[in-house]
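Chains A and B, in that order, are what the protein sequence lines are. For the first sequence, my numbering gives the first residue as 6, with consecutive numbering after it. For the second sequence, my numbering gives the first residue as 12, with consecutive numbering after it. Have a look at the structure below before the remarks.
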Amino acid sequence: MDEKRIRVLVAKPGLDGHDRGAKVVARALRDAGMEVIYTGLRQTPEMIVEAALQEDVDVVGLSILSGAHMALVPRILELLSNQGLENVRVFLGGIIPEEDVPLLKQMGVVEVFGPGANTQTIAQVIRHVGHSPEAS
Amino acid sequence: MTDAGRTAEAILAGDRRTLARVITWIENQEPASRPVLSALYAHTGRAHLVGVTGSPGSGKSTLVNEFAKLIRLRGGTVGIVAVDPTSPFSGGAVLGDRIRMRDLAGDAGVFIRSMASRGSLGGLARTTGEVIKVLDAAGFGTVIVETVGAGQSEVEIARTAHTTVVVQAPGMGDDIQVIKAGILEVADVLVVNKADRPGADSAVKALQMMQRLGRDGRPAMSLHRRWYDSQPRAMEWAQALLPDLNSVDEWEPPVLQTVAISGEGVEEVLDAIRSHWDYLQRSGELKFREAARIERELDLLLREKLMAKLLNRTRGGEFESMLGRLLEREIDPYTAAELLVHRGADCG
Numbered sequence: 006m007d008e009k010r011i012r013v014l015v016a017k018p019g020l021d022g023h024d025r026g027a028k029v030v031a032r033a034l035r036d037a038g039m040e041v042i043y044t045g046l047r048q049t050p051e052m053i054v055e056a057a058l059q060e061d062v063d064v065v066g067l068s069i070l071s072g073a074h075m076a077l078v079p080r081i082l083e084l085l086s087n088q089g090l091e092n093v094r095v096f097l098g099g100i101i102p103e104e105d106v107p108l109l110k111q112m113g114v115v116e117v118f119g120p121g122a123n124t125q126t127i128a129q130v131i132r133h134v135g136h137s138p139e140a141s
Numbered sequence: 012m013t014d015a016g017r018t019a020e021a022i023l024a025g026d027r028r029t030l031a032r033v034i035t036w037i038e039n040q041e042p043a044s045r046p047v048l049s050a051l052y053a054h055t056g057r058a059h060l061v062g063v064t065g066s067p068g069s070g071k072s073t074l075v076n077e078f079a080k081l082i083r084l085r086g087g088t089v090g091i092v093a094v095d096p097t098s099p100f101s102g103g104a105v106l107g108d109r110i111r112m113r114d115l116a117g118d119a120g121v122f123i124r125s126m127a128s129r130g131s132l133g134g135l136a137r138t139t140g141e142v143i144k145v146l147d148a149a150g151f152g153t154v155i156v157e158t159v160g161a162g163q164s165e166v167e168i169a170r171t172a173h174t175t176v177v178v179q180a181p182g183m184g185d186d187i188q189v190i191k192a193g194i195l196e197v198a199d200v201l202v203v204n205k206a207d208r209p210g211a212d213s214a215v216k217a218l219q220m221m222q223r224l225g226r227d228g229r230p231a232m233s234l235h236r237r238w239y240d241s242q243p244r245a246m247e248w249a250q251a252l253l254p255d256l257n258s259v260d261e262w263e264p265p266v267l268q269t270v271a272i273s274g275e276g277v278e279e280v281l282d283a284i285r286s287h288w289d290y291l292q293r294s295g296e297l298k299f300r301e302a303a304r305i306e307r308e309l310d311l312l313l314r315e316k317l318m319a320k321l322l323n324r325t326r327g328g329e330f331e332s333m334l335g336r337l338l339e340r341e342i343d344p345y346t347a348a349e350l351l352v353h354r355g356a357d358c359g
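Take a look at the structure:
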């Protein structure tokens with residue numbers, strides 16, 4: 006019998022031009038035994054939430070380098086909750102100024118990982134919340 | 012109504028979140044999925060199941076994206092199951108087929124689900140067949156299954172789909188490759204994608220040559236027809252409806268060229284896929300294919316159930332002590348298996 010696998014959507018909202026960081030994280034989560042759905046560059050919040058719904062993921066990881074996080078993240082959280090997906094845990098990575106982090110966490114982002122974050126730490130944190138009872 | 016009944020009703024009514032959730036149950040083989048599948052079964056059997064297989068990087072996902080766009084233009088709905096491999100080391104997977112399917116976002120007539128193969132080797136996951144059933148019951152007119160990037164022996168898709176499309180790209184080897192056994196044998200439609208690249212013409216010629224070789228002399232029986240012959244109980248049933256399938260001309264798989272990235276040639280491939288579906292229905296071969304598939308499915312389920320029962324009954328030392336005797340060469344494995352089966356049956 007198969008055990009339950011943690012399913013993670015790794016997405017890049019907005020107009021960023023490169024996705025190396027997102028790929029590094031996708032690969033690290035794969036090596037940590039998770040199923041990672043990778044959707045590529047330039048996703049709208051609507052596309053991301055639709056993919057999260059169809060793929061029934063436990064976790065969404067967003068990578069934003071453009072500085073548009075204070076617009077994109079609340080929109081994605083709102084759409085998730087409109088779809089009844091408020092149990093999906095949202096992580097953020099990329100270039101996020103220190104002062105925005107508390108605000109983002111207040112909105113519901115579980116954790117923000119900046120440049121140089123250790124991929125094993127990321128995997129550990131995601132595994133922890135992916136298996137916690139709130140995430141179904 | 013039971014919980015499972017309510018869940019099934021929600022799927023039939025088009026609730027996409029419930030659909031996604033039940034697919035997860037199926038993937039994880041959670042007991043809750045069983046009664047839902049039972050309740051949905053009567054609503055299956057309506058969709059045209061199309062398999063798309065071929066080597067990694069041949070353009071399967073891009074083609075599937077183009078097929079789905081065209082089916083939507085023609086007024087149909089599409090469910091897509093895209094299978095990618097699970098790492099044998101970590102058990103994890105990166106499922107990247109959605110990257111090529113972004114044109115389909117925001118369309119309620121399309122549902123895309125990525126599946127990891129989870130250790131299964133035939134090009135599909137063990138539970139892909141069940142996931143297809145749920146999409147079929149949910150009312151998608153066409154269900155497209157994209158396999159793991161397949162090499163030569165991942166032929167499971169041909170026993171699952173009604174129409175199997177095998178995608179090749181130019182430059183993948185000489186014409187000996189095409190007469191080897193494997194996925195080319197199961198194609199109902201052959202596609203040479205990336206036809207704008209050098210070598211496309213010779214790839215097409217090689218495939219056509221393979222087909223002509225097969226037709227010289229005695230008409231070659233397709234893999235499918237041989238498969239039907241190997242499922243005698245199902246065939247007895249199908250033959251009552253259509254006495255002699257061999258009197259019906261076999262489908263000849265067309266060899267087509269596409270440039271999926273620009274959509275070139277895709278319309279012709281979709282037309283060929285539909286022609287094959289018409290052929291299956293008109294000729295009566297669909298009945299044989301369904302019968303063979305169902306017999307195999309029941310067979311596998313019985314094996315699983317009986318095996319679980321037997322292991323359960325011979326637990327508590329008997330199985331284990333047999334292992335010990337085998338290690339000591341006191342008994343041979345053939346006799347051991349017979350003894351265990353007898354004992355399993357006795358205490359029932």
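Heads up, the beta-carbon is just placed ideally off N, CA and C, and yes, glycines get one too.
- When 7 angstroms is used as the limit between beta carbons, A/G38 is near these residues of chain B: S101, G102 and G103, in chain order.
- Taken through DSSP and simplified to helix, strand or coil, B/E38 comes out as helix.
- B/A271 is a Cβ neighbour of B/L74, given a cutoff of 7 angstroms.
- When B/T269, B/W248 and B/V156 are compared, the shortest CA-CA separation from B/D212 is found for B/T269.
- Contact check for B/A149 against B/T64 fails: the beta carbons are separated by 7 angstroms or more.
- For B/A127, the closest C-alpha among the options B/G276, B/V215 and B/T139 is that of B/T139.
- A residue is called buried once 16 or more other Cβ atoms fall within 10 Å of its Cβ, and A/T44 is buried on that count.
- Contact check between the stretch 60–67 of chain A and the stretch 28–44 of chain B: three or more CB pairs, one atom from each, fall below 8 angstroms, which counts as touching.
- If you compare the alpha carbons of B/G25, B/G182 and B/A283 with that of B/G120, the shortest gap goes to B/G25.
- For A/Q125, no Cβ of chain B is located within less than 7 angstroms of the residue's own Cβ.
- In this structure, A/L46 sits away from A/K28, with a CB-CB distance that is not shorter than 7 angstroms.
- Distances from the alpha-carbon of A/M39 to those of B/R109, B/V105, B/S241 and B/R354 put B/V105 closest.
- B/T13 is bridged by DSSP to nothing; it lacks a bridge partner.
- In the three-state DSSP reduction, A/T124 falls in the helix class (H, G or I).
- When secondary structure is reduced to three states using DSSP, A/S71 falls in the coil class, being assigned neither helix nor strand.
- From the listed residues B/T18, B/D310 and B/D199, the smallest Cα separation to B/R45 is found for B/T18.
- Residue contact with chain A for B/I110: present (Cβ-Cβ distance below 7 angstroms to some residue of chain A).
- The Cβ atoms of B/H173 and B/L60 lie closer than 7 angstroms to each other.
- Contact check for B/L48 and B/E278: beta-carbon distance about 35 angstroms, past the 8 angstroms limit, so the pair fails to qualify.
- In the displayed model, B/V159 falls within coil according to three-state DSSP, outside both helix and strand.
- Proximity of A/R35 to chain B, defined by a Cβ-Cβ separation below 7 angstroms, is satisfied.
- Within the stretch 317–348 of chain B, no residue places its CB atom closer than 7 angstroms to a CB of chain A.
- By the beta-carbon neighbour count (other beta carbons within 10 angstroms, threshold 16), B/K316 is exposed.
- Residue contact with chain B for A/A128: absent (no Cβ-Cβ distance below 7 angstroms to any residue of chain B).
- B/Y345 is bridged by DSSP to nothing; it lacks a bridge partner.
- Excluding residues up to 5 positions away in sequence, K298, F299 and A302 lie with their Cβ nearer than 7 angstroms to the Cβ of B/A249 in the same chain.
- Listed in chain order, the positions of the stretch 20–50 of chain B with a beta carbon within less than 7 angstroms of a beta carbon of chain A are R27, R28, A31, R32, I34, T35, N39 and Q40.
- Within chain A, the residues placing a beta-carbon under 7 angstroms from that of B/I123 are Q59, ordered along the chain.
- Identification of residues in the stretch 54–82 of chain A having a C-beta nearer than 7 angstroms to some C-beta of chain B yields E55, A56, L58, Q59, E60 and D61, given in sequence order.
- By the neighbour-count criterion, in which 16 or more other beta carbons inside 10 Å mark a residue as buried, B/T171 falls on the buried side.
- For B/L106, the pairing in a beta bridge is given by DSSP as A/I42.
- Taking 7 angstroms as the CB threshold, A/V41 lines the interface with chain B.
- Below the 8 angstroms Cβ cutoff, chain A contributes T44, G45, Q48 and M52 as neighbours of B/R113, in chain order.
- A/F118 is bridged by DSSP to A/G98.
- The Cβ-Cβ distance between A/V93 and A/V106 does not fall below 7 angstroms.
- One Cα belongs to A/L67, the other to B/R113, and the distance between them is close to 17 angstroms.
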